[in-house]
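To start, the structure itself, in structure tokens.
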Amino acid sequence: MMTCRSCGQAQDEQARFCNNCGTPLVTGPAGTENSVHEARVTGSIYQAGGDITVAPSVPDEPSARYAVKWHWASPLTQSVLGWASLALGIVSLAGGASVFTPLIRSLNAGRLAPSTEPWAVAVFLVCAAGAIVTFALRRVAKHETQHVGPSFLPALTGWNHRLGLARFTGECPTCRGALRFYNKPLQWLIHADGSRGKVIERAMVAECERSDKHCWFLDRAEPVA
1 MMTCRSCGQA QDEQARFCNN CGTPLVTGPA GTENSVHEAR VTGSIYQAGG
51 DITVAPSVPD EPSARYAVKW HWASPLTQSV LGWASLALGI VSLAGGASVF
101 TPLIRSLNAG RLAPSTEPWA VAVFLVCAAG AIVTFALRRV AKHETQHVGP
151 SFLPALTGWN HRLGLARFTG ECPTCRGALR FYNKPLQWLI HADGSRGKVI
201 ERAMVAECER SDKHCWFLDR AEPVA
């Protein structure tokens, strides 16, 4: 009988590998100690009984390389945009009251030509449009989404709950296609009939324009310059 040099377990004379730890067993000439020749094994090793199976190693998937050509964080945070949209909404309601009150009175009096001050109409329209825009920008900052316009303009980006401008460029390492950068839905609320509902999770990704299977996640924690 011989023993394994790795774990000390007694082994059969005909065994090629240790039945306990899988260490290769090489017998030398009579009267000499067992010797183990070192060799490099790559891949995952699985042992079933006395057999050793070496699975070929899987190469690492190439990662997408991209560059941020211009990255700027504005002072407009999610909270600032929230208060701004609230204030504009209140002012637009006040202006709307000045606009629609004469209209309602004229309709009650049987007239169709209400007299409304032009400034009231202007205040109502400007503040209403401002409230809608600031609320939309707040959603961008809150959900950290990216909105890409023409290629010559930077993307409007929600990063660390504030607005920023960023321009991304990159190439797919698999097929050399151009990468597009956007906020990809990952999970949805599922209705009882199996259909998808509201998106509950998104992630910023770099996705190949040739194949959506070539997709890589972007790091949200990357600092904004």
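Take 1 as the starting number for the sequence shown in UniProt numbering and just add one per residue. Every residue gets a Cβ at the ideal spot worked out from N, C-alpha and C, and that includes glycine. Given the structure is predicted, the values throughout are model-derived calculations rather than measurements.
Going by Cα to Cα distance, which pick from A67, W72, C4 is closest to L156? In the sequence shown, residue 156 corresponds to position 156, counting from 1. The option with the nearest alpha carbon to L156 is W72.
Straight-line Cα distance separating R139 from T101: Indexing the sequence shown from 1 puts residue 101 at position 101. Indexing the sequence shown from 1 puts residue 139 at position 139. Approximately 32 Å between the Cα atoms of the pair.
Measuring alpha carbon to alpha carbon, tell me which residue in E144, K184, F168 is nearest F152. For the purposes of this step, residue 152 is taken as residue 152 along the sequence shown, with counting starting at 1. Looking at the Cα atoms, F168 is the closest of the given residues.
Go through its chain and collect everything with a Cβ distance to T23's Cβ below 8 Å, but skip five positions before and after it. As a working note, residue 23 is residue 23 in the sequence shown. So the qualifying residues of the chain are C4, R5, S6, C7, F17, V36.
Report back the beta-carbon spacing between L137 and L81 to the nearest angstrom; my notes put them in contact at under 8 Å. On the sequence shown, residue 137 is found 137 positions in, with the first residue counted as 1. On the sequence shown, residue 81 is found 81 positions in, with the first residue counted as 1. About 5 Å; that satisfies the 8 Å criterion.
Helix, strand or coil for G158, going by three-state DSSP, please let me know. Position 158 of the sequence shown, counted from the first residue, corresponds to residue 158. G158 falls in the strand class under three-state DSSP.
In angstroms, rounded to a whole number, what distance separates the CA positions of P118 and S98? In the sequence shown, residue 118 corresponds to position 118, counting from 1. In the sequence shown, residue 98 corresponds to position 98, counting from 1. About 10 Å.
Here's the rule: buried if 16 or more other CB atoms are within 10 angstroms of the residue's CB, otherwise exposed. What is F124? Residue 124 sits at position 124 when you count from the first residue of the sequence shown. Looking at its Cβ environment, which holds 16 or more other Cβ atoms inside 10 Å, F124 is buried.
Other residues of its chain near A128: CB distance less than 6 Å, five sequence neighbours each side excluded: If you number the sequence shown from 1, residue 128 lands on position 128. Once the five neighbours on either side are set aside, the close Cβ partners of A128 are S92.
Per DSSP, W119 forms a beta bridge with which residues? Numbered from 1 along the sequence shown, position 119 holds the residue referred to as residue 119. Paired residue(s): none; W119 is not in a bridge.
Does the region 201-212 come close enough to the region 181-192 to have 3 or more Cβ pairs within less than 8 Å? yes
Beta strand (DSSP E) segment containing Q187, residue limits: As a working mapping, residue 187 is identified with position 187 in the sequence shown. Looking at the DSSP string, the run of the beta strand (DSSP E) that includes Q187 is 179-190.
Pairwise C-alpha distance: D193 and D212: Against the sequence shown, residue 212 aligns to sequence position 212. Against the sequence shown, residue 193 aligns to sequence position 193. Rounded to whole angstroms, D212 to D193 spans 27 Å at the Cα level.
Same chain, Cβ closer than 6 Å to G96, neighbours up to 5 away in sequence not counted: Within the sequence shown, the letter at position 96 stands for residue 96. Within the same chain, G96 has close Cβ partners F124.
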